[in-house]
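This is the structure in structure tokens:
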């Protein structure tokens, strides 16, 4: 076996491992609800945010973080799948990646709720879905 081949194999293994590691890291999972509801870089799309993680994130919901605002309740989950699963149980909800919005019990104007949905959806500028009719 030539020296060139001996050097190429470990190099390919290192590159492959690095690419696999990058695929496992999902930056969107690091976005906290606190960052969304307290965003300083845009006009406020939420009002009166309150951290309710201790009250909301126990069993059976099993979320990582929860906030309530005048517009909606926000819950962040450990996976996209769990977020989608939880959102499917809601009558009036919206999900983007790891975060679910639940509008039940929130009587803010529909326009305000729509702005809050848009702010969440466009945080990563990759949302391709539609918005529920409000």
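Residue numbers (the working numbering): 61 to 194.
Even for Gly, the Cβ is constructed at its ideal location relative to N, Cα and C.
- Taking the CA atoms as reference points, residue 128 sits about 16 Å from residue 170.
- Per DSSP, residue 135 is one residue of the beta strand (DSSP E) stretching across 133-136.
- Per DSSP, the unbroken beta strand (DSSP E) holding residue 160 starts and ends at 159-162.
- Counting along the chain, residue 126 sits inside the beta strand (DSSP E) bounded by residues 125-128.
- According to the DSSP secondary-structure assignment, residue 110 is paired through a beta bridge with 128.
- Between residue 115 and residue 133, the beta carbon gap of about 11 Å keeps them out of contact (Cβ cut-off 8 Å).
- Inter-segment contact for the region 143-158 and the region 166-185 is present: three or more beta-carbon pairs are separated by less than 8 Å.
- Counting along the chain, the unbroken beta strand (DSSP E) around residue 156 starts and ends at 153-156.
- Apart from sequence neighbours up to five positions away, the residues of its chain that approach residue 108 with a beta-carbon distance below 7 Å are 129, 130, ordered along the chain.
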